[in-house]
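Engineer: Those protein sequences? They're chains A and B, same order as listed.
Using this note's numbering, read the first sequence as starting at 147 and increasing by one per residue.
Using this note's numbering, read the second sequence as starting at 11 and increasing by one per residue.
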Amino acid sequence: MRIILIGGGEVGYALARALAPNHDLHVIDHNPAVADRFHPLDVSFVLGSGTSAEVLGLGDIESSDLVIACTGLDEVNIIACALAKKLGAAKTVCFVSGDDFLESVSGGYSLREHFGVDQTIWPEAQLADAIQRIIAAPGAIDAESFAGGQVRLLEYRLESGSPLTVAPIASLQLPRGAVVVAAKRGDTITIPHGGTHLKPGDKVIVMGRGDAMSTMEARVAPDGRNLRDARRVTIIGGGDVGFRLAQLLDSLDDVSVRMIERDQARGEMLAATLTNALILSGDGTDLELLEMEEIGRSDVLVSVIDNDERNLLASLLGRQLGVTKIITRVSKIANLRLFERVGIDVALSAKGAAVESIVREVEGGKAKVLAVLEEGEAKIFELVVPDDYPATALRDLATPPESIVGTILRHGDAIVPHGNDRIEPGDRLLVFCTDASADLMRTFFTSS
Amino acid sequence: MRLAIVFHLTGTILRFLGAAFVAPLLIALYSKESADAITFLATGVAAVVLGEVMRRQIRHREWTLKRVEALAVVVVTYLLVAMIGAVPYTMNGMTAADAMFESMSGITATGATTLTDFDSFGRGLMFWRSMSQWLGGLGIITLFIAVLPRLAIGGRQLFFTETTTTPGSGGLKPHVRETAAMLWRLYVGLTLAEFVALMLAGLSAYDAICHAMTTISAGGFSPNPESIMGYNSAAVEWIICGFMFLAGTNFVLQYQALLRGQLKASIADDEFRVYTGIVAIATIALTVFLLQTDMATAAAVRSGLFQSLSILTTTGYASSDFSLWTEQSRMVLLVLMFIGGCAGSAAGGPKIWRQILIARYTLLELKRTLHPRALLPVKLGGKVVPEDVMRAVLVFFLFYLLLFAVCVGVVVALGADILTGVTATTGTLGNIGPGFSQVGPMTNYAGLHTVSKVVLTAAMLVGRLEVLTVLALLRPEAWRSLTLRGD
Numbered sequence: 147m148r149i150i151l152i153g154g155g156e157v158g159y160a161l162a163r164a165l166a167p168n169h170d171l172h173v174i175d176h177n178p179a180v181a182d183r184f185h186p187l188d189v190s191f192v193l194g195s196g197t198s199a200e201v202l203g204l205g206d207i208e209s210s211d212l213v214i215a216c217t218g219l220d221e222v223n224i225i226a227c228a229l230a231k232k233l234g235a236a237k238t239v240c241f242v243s244g245d246d247f248l249e250s251v252s253g254g255y256s257l258r259e260h261f262g263v264d265q266t267i268w269p270e271a272q273l274a275d276a277i278q279r280i281i282a283a284p285g286a287i288d289a290e291s292f293a294g295g296q297v298r299l300l301e302y303r304l305e306s307g308s309p310l311t312v313a314p315i316a317s318l319q320l321p322r323g324a325v326v327v328a329a330k331r332g333d334t335i336t337i338p339h340g341g342t343h344l345k346p347g348d349k350v351i352v353m354g355r356g357d358a359m360s361t362m363e364a365r366v367a368p369d370g371r372n373l374r375d376a377r378r379v380t381i382i383g384g385g386d387v388g389f390r391l392a393q394l395l396d397s398l399d400d401v402s403v404r405m406i407e408r409d410q411a412r413g414e415m416l417a418a419t420l421t422n423a424l425i426l427s428g429d430g431t432d433l434e435l436l437e438m439e440e441i442g443r444s445d446v447l448v449s450v451i452d453n454d455e456r457n458l459l460a461s462l463l464g465r466q467l468g469v470t471k472i473i474t475r476v477s478k479i480a481n482l483r484l485f486e487r488v489g490i491d492v493a494l495s496a497k498g499a500a501v502e503s504i505v506r507e508v509e510g511g512k513a514k515v516l517a518v519l520e521e522g523e524a525k526i527f528e529l530v531v532p533d534d535y536p537a538t539a540l541r542d543l544a545t546p547p548e549s550i551v552g553t554i555l556r557h558g559d560a561i562v563p564h565g566n567d568r569i570e571p572g573d574r575l576l577v578f579c580t581d582a583s584a585d586l587m588r589t590f591f592t593s594s
Numbered sequence: 011m012r013l014a015i016v017f018h019l020t021g022t023i024l025r026f027l028g029a030a031f032v033a034p035l036l037i038a039l040y041s042k043e044s045a046d047a048i049t050f051l052a053t054g055v056a057a058v059v060l061g062e063v064m065r066r067q068i069r070h071r072e073w074t075l076k077r078v079e080a081l082a083v084v085v086v087t088y089l090l091v092a093m094i095g096a097v098p099y100t101m102n103g104m105t106a107a108d109a110m111f112e113s114m115s116g117i118t119a120t121g122a123t124t125l126t127d128f129d130s131f132g133r134g135l136m137f138w139r140s141m142s143q144w145l146g147g148l149g150i151i152t153l154f155i156a157v158l159p160r161l162a163i164g165g166r167q168l169f170f171t172e173t174t175t176t177p178g179s180g181g182l183k184p185h186v187r188e189t190a191a192m193l194w195r196l197y198v199g200l201t202l203a204e205f206v207a208l209m210l211a212g213l214s215a216y217d218a219i220c221h222a223m224t225t226i227s228a229g230g231f232s233p234n235p236e237s238i239m240g241y242n243s244a245a246v247e248w249i250i251c252g253f254m255f256l257a258g259t260n261f262v263l264q265y266q267a268l269l270r271g272q273l274k275a276s277i278a279d280d281e282f283r284v285y286t287g288i289v290a291i292a293t294i295a296l297t298v299f300l301l302q303t304d305m306a307t308a309a310a311v312r313s314g315l316f317q318s319l320s321i322l323t324t325t326g327y328a329s330s331d332f333s334l335w336t337e338q339s340r341m342v343l344l345v346l347m348f349i350g351g352c353a354g355s356a357a358g359g360p361k362i363w364r365q366i367l368i369a370r371y372t373l374l375e376l377k378r379t380l381h382p383r384a385l386l387p388v389k390l391g392g393k394v395v396p397e398d399v400m401r402a403v404l405v406f407f408l409f410y411l412l413l414f415a416v417c418v419g420v421v422v423a424l425g426a427d428i429l430t431g432v433t434a435t436t437g438t439l440g441n442i443g444p445g446f447s448q449v450g451p452m453t454n455y456a457g458l459h460t461v462s463k464v465v466l467t468a469a470m471l472v473g474r475l476e477v478l479t480v481l482a483l484l485r486p487e488a489w490r491s492l493t494l495r496g497d
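#1: Quick check on B/S318: buried or exposed, where buried means 16 or more other Cβ atoms within 10 Å of its Cβ?
#2: Starting from the C-beta of A/A376, find all residues in its chain whose C-beta is less than 6 Å away, skip the five residues before and the five after it, and write them out in chain order.
#3: Measuring only between beta-carbons, confirm whether B/L385 sits less than 9 Å from chain A.
#4: Closer than 9 Å by beta-carbon distance: list the chain B residues that pair up with A/E414, in chain order.
#5: Going along chain A in order, which residues have a C-beta closer than 8 Å to the C-beta of B/H381?
#6: Whole angstroms is fine: what's the gap from B/L206's alpha carbon to B/A215's?
#7: Looking at the strands, I want to know which residues DSSP matches up with A/T538.
#8: Locate the beta strand (DSSP E) running through B/E498, then write down its first and last residues.
#9: What residues of chain B sit near A/L435, judged by a beta carbon separation below 8 Å?
#10: If you measure from the beta carbon of A/T421 to each beta carbon in chain B, is any gap under 9 Å?
#11: Buried or exposed: which applies to B/R71, given that a residue is buried once 16 or more other Cβ atoms fall within 10 Å of its Cβ?
#12: How should A/S209 be labelled, buried or exposed, when 16 other C-beta atoms within 10 angstroms of its C-beta is the threshold for buried?
#13: Does A/A417 get closer than 9 Å to chain B when you measure Cβ to Cβ?
#14: What are the boundary residues of the beta strand (DSSP E) that A/D175 is part of?
#15: Can you tell which of A/F261, A/L299, A/V263 and A/I149 has the C-alpha that lies nearest to the C-alpha of A/A276?
#16: Taking the CB atoms as reference points, tell me whether B/G121 and B/T325 lie closer together than 9 Å.
#17: Straight-line CA distance for B/M431 to B/V421?
#18: For A/L187, which residues in the same chain have their Cβ closer than 7 Å to its Cβ, ignoring the five residues on either side in sequence?
#19: How would you write the range of the beta strand (DSSP E) that A/D559 sits in, first residue to last?
#20: Between which two residues does the alpha helix (DSSP H) holding B/K377 run?
#21: Could you say which of A/C227, A/E259, A/A493 and A/F292 lies nearest to A/G558 if we only look at CA atoms?
#22: Helix, strand or coil: how does DSSP classify A/V531 here?
#23: Under 9 Å between the Cβ atoms of B/L90 and B/T173?
#24: With DSSP collapsed to three states, give me the class of B/Q448.
#25: Check for me: the beta strand (DSSP E) holding A/Y302 runs from which residue to which?
#26: Using CA coordinates, which residue listed in B/F128, B/L125 and B/G147 is at the minimum distance from B/Y1?
#27: Use the C-beta contact count for A/H260: other C-beta atoms within 10 angstroms, 16 or more gives buried, fewer gives exposed.
#28: From B/L3 to B/G425, what does the alpha carbon distance come to, in whole angstroms?
#29: Reducing DSSP to helix, strand and coil, say where A/G288 ends up.
#30: Quick check: the Cα distance between A/G230 and A/L586, rounded to an integer number of angstroms?
#31: Evaluate the contact criterion for the region 565 to 573 of chain A versus the region 14 to 30 of chain B: three or more CB pairs, one atom per stretch, below 8 Å.
#32: Roughly how far, in whole angstroms, is the beta-carbon of B/P233 from the beta-carbon of B/D217, given that I think they are within contact range, below 8 Å?
#33: Using alpha carbons as the reference points, say which of B/V262, B/Y88, B/M347 and B/Y371 lies closest to B/G445.
#34: Looking only at DSSP bridge pairs, what is A/M405 linked to?
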């Protein structure tokens, strides 16, 4: 694919690194200093502005398949996309950092129609949505939903005493309609079989139909204790992500939100805009403030400051005060693993997720990647069974090792299959597999 | 302060006030009240001449209006209009203090009266009494901004000096003249609607127009000595209830609901919801208390609603002699006297949006004691109320209480009982009209000491202009650089 990247910042660099090996890449940036960074990568660097037709021409815009505008300025991104589209780009992707330019409420204006933007990516909003999903799933440290919400995926860290740890999976009598698709112990991720015996401290990924997942949720916590819905949420940092998340939670009646923001003016803006959230002016790493406001009694603590060190500190303080579920934002992708190692259950990166979503779309081909889990170590694919493929029982399907068909979507129904179930032409399969088997899985139906 | 400019603007307004005397003049001629007709003609001409002389103090247009001058124009206009309006009353035998009281009560749409013998007033004079409330109901300056192109300079400042809008309120036009015209169109429309409705309910054309003018202005003067009770008609009471409710509602909201179809947004308005809530609660409370007396259910509901609206919107009509009601019922009315109507309405009093802000401010202070680091802005309609507006509201209430205490003190010291003192003060400072005891709906203010009447006359003006406008003029620096020159 011929791809033009406009903007060589953090996002641009991460995209270039991921896409350069398999695609023709032109990177456009007006800053000569940026060029050096891209030097080791096998890409062509064009010095100049993405809003200039001449510069875009140097990147062979007419024959490009994809233009991604990811400078730090929304206006520049939009103009670059509009220009690229006019000059013949097949598809444009535009990064934005706010809702100022998104579709108007009345529908009289849209970025697609008036500026030729085919896809808008707002990383901070995506991160806020992801955090909200995880908050909404009690006890879970990751949460995704597929097929319009029919199928859910949840990740848990098992505590000692959890009913899932008492026997091998086969004898657990898990609800029909839900399946344990992965277990992670230490840094190794495996696809469990009936004989696998889960242990406290393991992370498990469970996938299934909505109703079965509700039953499943009750089987995770120790001693049959119910997992509590999050009622008290503390958000540290009122930046783009924190603000967006607070807006999402603000409308829920049964959730009370406290938000700690250091900047007085920003705090006043937040207090003016949010209706129910309590905005506290202060530092999220100020232990005295955290104790005074009884942050330890929160069900969830979300730390989304723009600074990794302070995020980590705030999260660890929260843990110390007794918060059980902590969600932390990581800006530097390299820090993700470090955060998990010191006991932060959920560490998420806004830009990382955005880059991932683009990469999986570009690389996916016919097999759509629905989700990337565990920092890329596992993926969920959606595969379509070709029309000429004979109906086969699942147990006879020679799928690659370290993969499992989690759900069959057939005529709008979600079926969580057993070995005897058959796949039929036209079925859509939600397949979970580890990174090692990803390439095999992706081409499974096309090559066989 | 440059007096020439104050005179110029006031004069411009007075000149047109003179023209307004044509209406009572025609009624007087039609009713063959020749003495009154001559008075109206003379007063009208005098107003035009005085206005023209004042207006000529400056001729060039190279000036801008300072804040203090805007305040002065508004206050001086009300004073002069009240004085000119009092002339026909004095010619009919009223004392100067009584006439000034009556005229101020008219122009501020208060409805407190010193008139004892209603038969002594001819139809023309009674019409003028009602009409003065109608002219003042929406604000006399607003009226003239709407009709006078010449008030273009400084008109904006004058408008916002006379009319207090809630912070962040929408619906205003970019040109203040269009805003004023829009308000007046609605005002005239409502008046005509009520006039027709009252005619259909069986009132004579004369009674219908007089009451339409004093309902929509939330004034409360009635040519009938027994107010609305004198007509003994349920239909009339229901009609007036409806229009009193509208008179106490923000006119900008009504404009949006009626002419732009934004009914939902108008109903969702913070202040409007509290307003309707107060009306509902007061009506229920009054109905319950009235049912404990011998009143029939239908009459109790109707009287409860009528009197709640009449007091809350600061109209001051009486559909029965409420000063004879039980202590509980009168207590409800007494509480209502301290509330007032909506911003941007014809109603007076401290106004509901201020009450909302005070309530929210207090509750947030309590929350702040628990969360000392919390940022807790006061909001109205989802928008943050700026610090300076909040401060002005607090100061308004402090002054309101202070003036209240002073007025009660004066009235009681000069021989009235305490209930009279308290309700006469709320009745005038809140632009309501009647109170209890000596100043009840079927009695009047004539029996008070002359000094009391003068003080209460001032209270009506101060209350109408929402306190701070008038009090700011009492600061010495407002007068320090006084000049006659206008450049």
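Just so you know, even glycine gets a beta-carbon here, dropped at the ideal spot from N, CA and C.
Structural biologist: Result, derived from the coordinates:
#1: By the C-beta density criterion, B/S318 is buried, having at least 16 other C-beta atoms within 10 angstroms.
#2: Around A/A376, the same chain offers I281, D445 and V446 as residues with beta carbons nearer than 6 Å, after the five sequence neighbours per side are excluded.
#3: The beta-carbon of B/L385 is placed less than 9 Å from the nearest beta-carbon of chain A.
#4: Those within 9 Å of A/E414 in chain B are L385, P387 and V394.
#5: Residues of chain A passing the Cβ test: L424, L426 and E439.
#6: The sequence shown places Val at residue 206 of chain B, rather than the Leu named in the question. Taking the straight line joining both Cα atoms gives about 9 Å.
#7: Per DSSP, A/I569.
#8: The structure shown does not extend to residue 498 of chain B, since chain B is modelled only from 11 through 497, so no value can be given for it.
#9: Neighbours of A/L435 on chain B, chain order: R383.
#10: Chain B, which has a Cβ nearer than 9 Å to the Cβ of A/T421, makes this yes.
#11: So B/R71 ends up on the exposed side.
#12: So A/S209 ends up on the exposed side.
#13: Yes, A/A417 counts as interfacial toward chain B.
#14: Per DSSP, the continuous beta strand (DSSP E) segment holding A/D175 begins and ends at D170 to D175.
#15: Taking only the C-alpha atoms, the option nearest A/A276 is A/L299.
#16: Cβ distance < 9 Å, so B/G121 and B/T325 count as in contact.
#17: It is Gly, not Met, that sits at residue 431 of chain B in the sequence shown. Answer to the nearest angstrom: the Cα atoms are 5 Å apart.
#18: Cβ neighbours of A/L187 beyond the five flanking positions: A162, R163 and A166.
#19: Residue range D559 to I561 is occupied by the beta strand (DSSP E) that includes A/D559.
#20: Counting along the chain, the unbroken alpha helix (DSSP H) around B/K377 starts and ends at I362 to L380.
#21: Answer by Cα proximity: A/F292.
#22: A/V531 carries a coil assignment under DSSP once its states are collapsed to helix, strand and coil.
#23: No, the pair does not count as a contact, with Cβ atoms beyond the cut-off.
#24: The three-state reading of DSSP puts B/Q448 in helix, counting H, G and I together.
#25: Start and end: V297 to R303.
#26: Not covered by the structure: residue 1 of chain B. The range shown for chain B is 11 to 497.
#27: Answer is exposed; the Cβ neighbour count stays below 16.
#28: Any answer about residue 3 of chain B is impossible in this case: the structure gives chain B only from 11 up to 497.
#29: Correcting the residue identity first, residue 288 of chain A is Asp in this sequence and not Gly. In the displayed model, A/D288 falls within a strand according to three-state DSSP.
#30: First, the residue type needs correcting, since residue 230 of chain A is Ala and not Gly in the sequence shown. Near 35 Å, if we compare the C-alpha coordinates of A/L586 and A/A230.
#31: They do not touch, by the three-pair rule.
#32: Contact flag correct, Cβ pair sits at about 7 Å.
#33: Sorting B/V262, B/Y88, B/M347 and B/Y371 by C-alpha distance to the C-alpha of B/G445 places B/M347 at the top.
#34: For A/M405, which the question treats as bridged, DSSP gives the partners A/I381 and A/I425.
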